[in-house]
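*Asks:* Each number in our numbering comes from the position in the sequence shown (counting from 1) with 67 added on.
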Amino acid sequence: MSINPDKLKFFSFLLFTKLEGAVTSGMVHLGDQLGLYRALAAAPQPLTTTQLASTTGLQERWVREWAYNQAAAKLVSFLSLRSQPPDLNDDTFFLSPEQIAVLADESHPAFGMGMFHRLPQTMESLKRMPESFRTGLGYNYDSHGPDGAVGIERSFEPWNNANLIPTVLPATGMVDRLRNGVAVADIGCGAGGAVLRMAREYPASNFVGYDISHYALTRANERLRDSGLTNAHFADPRSEPLPSDNSVDFVCTFDCIHDMTHPLTVMQSIRAALRPDGNWLLVDIKAHDGFAMNAEKNPMASLMYGISVLSCMSSALSTPDGAGLGTLGLSEMTAENMARAAGFTQFDRLDIDHSVNAFYLIRP
Ligand SMILES: C[S@@+](CC[C@H](N)C(=O)[O-])C[C@H]1O[C@@H](n2cnc3c(N)ncnc32)[C@H](O)[C@@H]1O
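#1: Thinking just about the alpha-carbon of each residue, which of 183, 124 and 211 is nearest to the one in residue 192?
#2: For ligand 1, any of its heavy atoms closer than 7 Å to the Cβ of residue 104?
#3: For the stretch 223 to 276, which segments carrying the beta strand (DSSP E) assignment without a break, of at least 3 residues, lie completely within its bounds, in sequence order?
#4: Please tell me whether residue 213 has its Cβ less than 8 Å away from any Cβ of chain B.
#5: Which full runs of the alpha helix (DSSP H) of 4+ residues lie inside the stretch 301 to 338, going along the chain?
#6: Please say whether residue 229 and residue 176 have beta carbons closer to each other than 8 Å?
#7: Cutting at 7 Å between CB atoms, please list the residues of its own chain near residue 263, excluding the five before and the five after it.
#8: Straight-line CA distance for residue 122 to residue 166?
#9: Is the number of C-beta pairs between the stretch 342 to 351 and the stretch 421 to 431 that are closer than 8 Å three or more?
#10: Under DSSP, the alpha helix (DSSP H) around residue 121 begins and ends at which residues?
#11: At the level of alpha carbons, what is the spacing between residue 199 and residue 185?
#12: Please list, in chain order, all residues of the same chain as residue 164 whose beta carbon is under 6 Å from its beta carbon, the five residues on each side excluded.
#13: Please tell me whether, using a cut-off of 7 Å, the distance from the CB of residue 79 to the nearest non-hydrogen atom of ligand 1 is below it.
#14: Confirm the yes/no value for this check: CB of residue 382, any heavy atom of ligand 1, distance under 7 Å.
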């Protein structure tokens, strides 16, 4: 078959847009880590690279090349005087309000630096992947080191900080019971943000966060100590399993069932832990049934399948008998079938708007 020169050019362009994204993502990581975005956000007027370098204590030549990458990628805004001959101080850089929200404002629900925080660790795992493709065995979350756990914390907490207490919990119907004092378990709790937030809001209830990541538990315990809260506790379920005596009122799983090697066993443990009138809030990626639907309906499908290989599916295959669901592996139908197989009889999707996640309320 002959090669169409236009299609060839277009395909090469398509390929290199992926490399552009990958390399620019590295620059986003640096912008966050080096405080460049925060400095631009805090500046009362657009900054030259000399001013930006001076504010951040960095070398101007490096900051300039970074700023050119960011402005060329349209992630950072710029103004140019275009004098002839061009002068270093012609170009000034600034962030629009939307760019500030996503790049520099950790308290904004749309803050997006978490996955970029852990980009080096995520990409580092590429070195382990050829072996995984041969053996079938992946790596759990601790393979991403302590910054992997912080990256996850920074990924999920901005939205949760703004929405968990006012929007998500009311939709579960659990608020009165939480106020009165009940037993709550957050499984796959990561760095513990949801547990700490709920424990602060509902002092009469008791919260246990479970995770198998040593780094996430260390971080969660540090934050627990700093918080001074006495109604929260973190545990590794391999040494301190979830109770199996139907004594827990509310179980949460945020973005973690698809990462687990044995999701059905965990669902069965949740069933055994929950009181007959208990509730399980399952939050997981809004996946569709099958690749074709995901590719058609999810503009981020290629990102998600890639993250799955490097992180989620790898974690879910980190034991030889792992289920390997992966990032887009827990569609609503799969979740419902698995929950019913684990002994639950009621499965409802909650009407909560989130760009990536779906919310389900599941009852015995
Ligand atoms: C994507 S993170 C989500 C963390 C947290 N729920 C959040 O929203 O920030 C997935 C977490 O699930 C944990 N995990 C995986 N398998 C687990 C298991 N069998 N039991 C408990 N936690 C598990 C991982 O260690 C990781 O911390």
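For glycine and all other residues, C-beta sits at the position ideal for the given N, C-alpha and C.
*Replies:* If we stick to the structure as given:
#1: Reading the sequence shown from its first residue, position 125 is the one you call residue 192. Comparing Cα-Cα distances from residue 192 to each of 183, 124 and 211, the minimum goes to 211.
#2: By 1-based counting over the sequence shown, the position of residue 104 is 37. Residue 104: no, Cβ never under 7 Å from ligand 1.
#3: 250 to 254
#4: Among the protein chains of the structure shown there is no chain B, as only one such chain exists.
#5: The DSSP assignment places no complete run of the alpha helix (DSSP H) inside the stretch 301 to 338 (cut-off: 4 residues).
#6: The residue you call residue 176 lines up with position 109 of the sequence shown. The residue you call residue 229 lines up with position 162 of the sequence shown. Contact: yes.
#7: What you label residue 263 is simply residue 196 of the sequence shown in a count that begins at 1. The answer, listed in chain order, is 290, 291, 294, 296 and 299.
#8: Locating residue 122 in the sequence shown gives position 55, where the first residue counts as 1. Locating residue 166 in the sequence shown gives position 99, where the first residue counts as 1. Each residue's alpha carbon lies about 19 Å from the other.
#9: yes
#10: Walking along the sequence shown from the start, residue 121 turns up at place 54. Note, residue 121: alpha helix (DSSP H), 116 to 123.
#11: Position 132 of the sequence shown, counted from the start, is the residue given in the question as residue 199. Position 118 of the sequence shown, counted from the start, is the residue given in the question as residue 185. Between residue 199 and residue 185, the C-alpha separation is close to 20 Å.
#12: Here residue 164 refers to the residue found at position 97 of the sequence shown. Correct list: empty, nothing qualifies.
#13: As a first step, residue 79 is located in the sequence shown; it is residue number 12 there, counting from the start. No - ligand 1 has no heavy atom lying nearer than 7 Å to the Cβ of residue 79.
#14: Position 315 of the sequence shown holds residue 382. Yes, the beta carbon of residue 382 sits closer than 7 Å to at least one heavy atom of ligand 1.
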